[in-house]
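These notes concern the structure reproduced below.
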Amino acid sequence: MSERAQSFGSSDEAGWPLLPGERLWGPWKLLAVSVVIAAATWCYILGEYVGYYLGLGVGFSAMVVGAMFGMLLVFLAVAPVCTRYGIDSIASAKPTFGNRGYLITVLVQFVWVGCWVNILIVYFAKAAFELCVVLGIVGEADAHATVAVFSVLGCLITALTLLKGANGIQRISNVLFVFVVLVGAWLVYMLLSHHADSLATAEPAYASPLASWNYVTGVEIFIITYLGWWPFLGAIFRVVPSGTSVVPGMVGLSLPGPGLAVIGLAAILALGVSDPAKWMVTLGGPFYGGIVLVFVIVANLGTAMLSVYAMGLGLRQVPGLDKLPWRAILAICLVPVAVLAVINPDLLFSQFFGTFLAFMGALLAPIVAIQLVDYLILRRQNLDVRALYDPSPGSPYGFHGGFNVAAIASLVIGFVAYTYLLNPVTYASNSPYEYLTASLPTILVTGIVYYLLSKAVNVPTGRGAYAGR
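Note that the working numbering has the sequence shown beginning at 80, numbered continuously upward.
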């Protein structure tokens, strides 16, 4: 094994491509990590939103369909390029958007992942507060201060674990893997066994008279969520030795999401609240309720760690930030999260979650479409790895002043198409949303536009190293 491989933590943090001998996660390590990161309690919020429109059985079906569509698309966009070259998602965007234009994806990743980390940290802090209430340490009047303290503590624990890079994530995932699976299954059992009658008769609070609209909205919520794995997947897929090794990871990311989201779906229908921290002490008593609260705490931290790790790798691709020590990168990622969690913990957690989700879908659906067409069709799965780290105007990925105008124009067109189909603020829609979702037509339109623009603008002029394509 190379010297770099033995000092994997430091070389991994630098954001350079990993050689095959440095990719230390086998299929089962990847499976454990994938299950832990997919099983965070953001699933409960997603299930809650599906429960606004659909009942239990149909809602679960919609979540599975959405997860499968979203996972397939983002997997095809990220897995082939990141596993072949040992790079993360942001590095893989340089041939697509240009050696300066890729900074658009850095910004999208930073905002998207940072918002998810904030939600996870706040969930962690709220669960820790509820556990302290069960133990008699604090009272309900201490909620805001306690949540603020635990939010900062969660950020510190995340940073300390990530000082070891990807190895820190893999080690904690080995511990959490069985715990997450068993407690998640127990939560489902407790809800279904205690509230079967109310679930059978429960009516969604905001269901549309049009049944197809309700179902498609449930599907759309999960397509968006799984397209949102785009910034994350490169960070873990680059650490596996081959393309076949990522298959367990695909399974581990796909199945736990709907499986845990059904908890939030059932809880919002039967109890009017999706957060298990609020109802499990009542349902299971202080002992079992305390176990669930511990599950919520540790599951959120496991996913937050991967999220911040992905953010850090993305920031490593920014000129100037690549020279900073890893601990400084972690601070850039986590300080805004901690500040927002202290000032207004409910801003993303509950107040604007749906809007945040739809706006990110409007950006990530076009990004996934552009990368699918660029790498799989136009480049036929070939990149110039050296050019990924060449910021000069004459680089193969220099395009027009560092920006691929075909990609940027396609991104704008895709964003407009998505927001036409589904308004991110009001969730008002235009046809054919009620039959096709917003994400799938957006991906199709963006992909076609990008292919045609690339053929018209880049390929004939030799820009972007598409020669012979």
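Glycine is no exception: its CB is placed at the ideal position from the N, C-alpha and C atoms.
Report all residues from its chain with a CB closer than 6 Å to the CB of I312; omit the five preceding and five following residues, and keep chain order. Working through the sequence shown from its first residue, we reach residue 312 at position 233. The residue you asked about is not Ile; residue 312 is Leu in the sequence shown. Excluding positions up to five away in sequence, the list reads V157.
CB-CB under 7 Å to L105, same chain, minus the five flanking residues each way: which ones, in chain order? Indexing the sequence shown from 1 puts residue 105 at position 26. It is worth fixing the name first, because residue 105 is Gly in this sequence and not Leu. Same-chain partners within the cutoff: S324.
Identify the continuous alpha helix (DSSP H) that holds E552 and give its terminal residues. For the chain, the structure presents residues 80 to 548; residue 552 sits outside this window and is missing.
P288 versus S277: straight-line alpha-carbon distance, rounded: In the sequence shown, residue 288 corresponds to position 209, counting from 1. In the sequence shown, residue 277 corresponds to position 198, counting from 1. Answer to the nearest angstrom: the Cα atoms are 22 Å apart.
Buried or exposed for Y132, please, with buried defined as at least 16 other CB atoms from any protein chain shown within 10 angstroms of its CB. Along the sequence shown, one-based indexing puts residue 132 at 53. Label assigned to Y132: buried.
Taking the alpha carbon of A25 as the point to measure from, which residue in F189, G136, I300, I408 has its own alpha carbon closest? No answer is possible for residue 25: the residues shown for the chain start at 80 and end at 548.
Where the alpha helix (DSSP H) through K205 begins and ends: On the sequence shown, position 126 is the one that residue 205 refers to. Where K205 is concerned, the enclosing alpha helix (DSSP H) stretches over 182-213.
For G351, which of F366, M359, G480, E127 has the nearest alpha-carbon? Walking along the sequence shown from the start, residue 351 turns up at place 272. Selected option, being the one with the closest Cα: E127.
Cβ of N423 less than 8 Å from any chain C Cβ? Annotation note: the requested chain C is absent from the structure, which comprises a single protein chain.
C-alpha gap between F148 and Y305, whole angstroms: Within the sequence shown, numbered from 1, the residue matching residue 148 stands at position 69. Within the sequence shown, numbered from 1, the residue matching residue 305 stands at position 226. In a straight line, the C-alpha of F148 is about 8 Å away from that of Y305.
Candidates L385, H223, M439, A535, of which the one nearest L186 by Cα: Taking the sequence shown and counting its residues from 1, the one referred to as residue 186 is at position 107. Nearest of L385, H223, M439, A535 to L186, Cα basis: M439.
By the DSSP assignment, the alpha helix (DSSP H) with L278 in it spans what residues? If you number the sequence shown from 1, residue 278 lands on position 199. That run of the alpha helix (DSSP H) goes 275-280.
As assigned by DSSP and simplified to three states, the class of S386: If you number the sequence shown from 1, residue 386 lands on position 307. In the structure shown, S386 sits in a helix (DSSP, three-state: H, G or I).
Taking the alpha helix (DSSP H) that S489 falls in, what are its first and last residues? As a working note, residue 489 is residue 410 in the sequence shown. Residues 484-500.
Taking the DSSP output, what are the residues bridged to S508? Sequence index remark: in the sequence shown, residue 508 carries index 429 (1-based). According to DSSP, S508 bridges with L501.
Pick out whichever of K108, L110, F176 has its Cα sitting closest to the Cα of G477. Position 398 of the sequence shown, counted from the first residue, corresponds to residue 477. The shortest C-alpha separation from G477 is found at F176.
Between the C-alpha atoms of W265 and I487, what's the straight-line distance to the nearest angstrom? Residue mapping note: residue 265 aligns to position 186 of the sequence shown, counting from 1. Residue mapping note: residue 487 aligns to position 408 of the sequence shown, counting from 1. Answer to the nearest angstrom: the Cα atoms are 47 Å apart.
Continuous alpha helix (DSSP H) assignments of at least 4 residues falling wholly in the region 306-389: As far as the region 306-389 is concerned, its whole alpha helix (DSSP H) runs of at least 4 residues are 309-316, 326-333, 335-349.
Please classify R163: is it buried, with 16 or more other beta-carbons within 10 angstroms of its beta-carbon, or exposed? Along the sequence shown, one-based indexing puts residue 163 at 84. Buried is the call here.
Residue(s) in a DSSP beta bridge with H479: Working through the sequence shown from its first residue, we reach residue 479 at position 400. Residue pairing from DSSP places H479 in a beta bridge opposite F482.
Relative to the alpha-carbon of L564, which residue among F229, G297, V341 has its alpha-carbon at the smallest distance? The structure shown has nothing for residue 564, since the chain only spans 80 to 548.
Taking the CB atoms as reference points, tell me whether V553 and A420 lie closer together than 8 Å. No statement about residue 553 is possible, as the shown extent of the chain runs from 80 to 548 and does not include it.
Along the chain, where does the alpha helix (DSSP H) that runs through R102 open and close? Within the sequence shown, residue 102 is the residue found at index 23, counting from 1. No alpha helix (DSSP H) holds R102; DSSP gives it neither H nor E.
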